[in-house]
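**Q**
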Amino acid sequence: QGQQLGKIGTTFGLSLPLLNSSTRSRFNLGVELGERGTMEGDRIRERYADIYIGFTITPDIREVWFRKRRIQ
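Start counting the sequence shown at -19; every next residue gets the next number (the working numbering).
1) So, Ala29 versus Leu9, is the Cβ gap smaller than 8 Å?
2) Look at the Cβ atom of Thr18, then the Cβ atom of Gly(-14), and state whether they are nearer than 8 Å.
3) Terminal residues of the continuous beta strand (DSSP E) containing Pro(-3)?
4) Please state whether DSSP places Thr36 in a helix, a strand or coil.
5) Does the separation of the CB atoms of Glu20 and Gly(-11) fall below 8 Å?
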């Protein structure tokens, strides 16, 4: 009791442009693989994999999302 468990891991990530190359917005994908804990005594060791998915929407003149509309 009161001991901190060790943790080791690594992460990988990838960011791809959305739709076409003329946009700055991106689709992001990441993976974290790791292990925490120990097998010493009556303790346990846990292996894990986390997946991260996200979008980065960057305001840009070429982005349809951020164009000002004029209503007549």
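Heads up, the beta-carbon is just placed ideally off N, CA and C, and yes, glycines get one too. All values reported here derive from a predicted model rather than from experimental measurement.
**A** In this structure, then:
1) no
2) yes
3) Lys(-13) to Pro(-3)
4) Taken through DSSP and simplified to helix, strand or coil, Thr36 comes out as strand.
5) Between Glu20 and Gly(-11), the CB-CB gap reaches or exceeds 8 Å.
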